[in-house]
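K.L.:
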Amino acid sequence: MTSEQQPYADRSYRSPAALVGGTLLLGVVLWVGGDAMLRGEGRAPLTAAAFLLFLVPLVVAFTLRPAVFAGADAVRIRNPFRTITVPWGAVVSIRSVFSNELVVEDSRKFQLWAIPVSLRARRVAQRRNERRAAGKSGRGYVAGGLFGLGGGTVSDDDSSPSKATGDEAVATLRELAELNEGKKGEPTVRWAYEILVPAVVGALAAAVLVVTG
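Each residue of the sequence shown is one higher than the one before, counting from 88 in the working numbering.
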């Protein structure tokens, strides 16, 4: 695709805090489960394997998997159990209150798991703007990411209004939707069977082993 056809680079959004937290949690789950499989006796190794089959996909789904990819023609939303592709022309609005949601023409709503709302970051950004309006300078901390983590320090010397990291991402997505509203098409939804199938199988196996144990 030429630069004339695509006036901007594709964008991707993920939560750094979710990636770090998910990696750590995955390490703990694998360490505990692996130890039980290697040192357990009787049915313990089999039960541990079943719980691993159940837990690992869920940890990946809610921490490592979520992402938003904004391309030239559409936005692709990768949530824990579904991947939604929405052409820009089908986007009605992108709302941001307590969570970020994309609304399409048939009134369906899709939550943007990879771009969480941080009320703390909004308050910090608001205080920074108030300091600037009052003629004060300094450095402000703008939080972002999962549960308000993963923020960064920004300078008050910047003349642009301060925004939380998630709000900046939403503003960019809204701009892209307006610029590419002529890209018509139907939203498509694909279930993440690579997550759902092992999680369900693991849950059933763990339940059977626990009940019959």
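Ideal placement from N, C-alpha and C gives every residue a C-beta, glycine not left out.
Thinking C-beta only, is residue 105 closer than 7 Å to residue 296?
P.N.:
Counted from its first residue, the sequence shown places residue 296 at position 209. Counted from its first residue, the sequence shown places residue 105 at position 18. No. Outside cutoff.
K.L.:
Where does residue 353 land, buried or exposed, given buried means 16+ other C-beta within 10 angstroms?
P.N.:
Coverage of the chain is limited to positions 88 through 300, which leaves residue 353 absent and any answer about it impossible.
K.L.:
By how many angstroms is the C-alpha of residue 164 removed from the C-alpha of residue 142?
P.N.:
By one-based count along the sequence shown, residue 142 stands at place 55. By one-based count along the sequence shown, residue 164 stands at place 77. Their Cα atoms are separated by approximately 23 Å.
K.L.:
Would you tell me roughly how many angstroms separate the C-alpha atoms of residue 185 and residue 299, rounded to the nearest one?
P.N.:
As a first step, residue 185 must be located in the sequence shown, where it is residue number 98. As a first step, residue 299 must be located in the sequence shown, where it is residue number 212. Their Cα atoms are separated by approximately 43 Å.
K.L.:
Which runs of the beta strand (DSSP E), 3 residues or longer, sit entirely within the segment 123-190?
P.N.:
You should have 154-157, 161-165, 169-174, 178-183.
K.L.:
Three or more C-beta pairs under 8 Å: does that hold for the segment 156-176 against the segment 270-284?
P.N.:
Cβ pair count under 8 Å is three or more, so yes.
K.L.:
Closest to residue 194 by CA distance: which of 183, 204, 179 is it?
P.N.:
Position 107 of the sequence shown, counting from 1, holds the residue named residue 194. Out of 183, 204, 179, 179 has the C-alpha closest to the C-alpha of residue 194.
K.L.:
Can you give me the start and stop residues for the beta strand (DSSP E) that residue 276 sits inside?
P.N.:
For the purposes of this step, residue 276 is identified with residue 189 of the sequence shown, where counting begins at 1. Element bounds for residue 276: 275-278.
K.L.:
DSSP on residue 261, reduced to helix/strand/coil?
P.N.:
One-based indexing of the sequence shown puts residue 261 at position 174. DSSP places residue 261 in helix when its eight states are reduced to three.
K.L.:
Cα separation between residue 130 and residue 118?
P.N.:
If you number the sequence shown from 1, residue 130 lands on position 43. If you number the sequence shown from 1, residue 118 lands on position 31. Those two C-alpha atoms are separated by around 18 Å.
K.L.:
For residue 292, I'd like the list of residues in its chain whose CB is within less than 6 Å of its CB, leaving aside the five on either flank, ordered along the chain.
P.N.:
By one-based count along the sequence shown, residue 292 stands at place 205. If we look at residue 292 and ignore the five residues flanking it on each side, its Cβ neighbours are 137.
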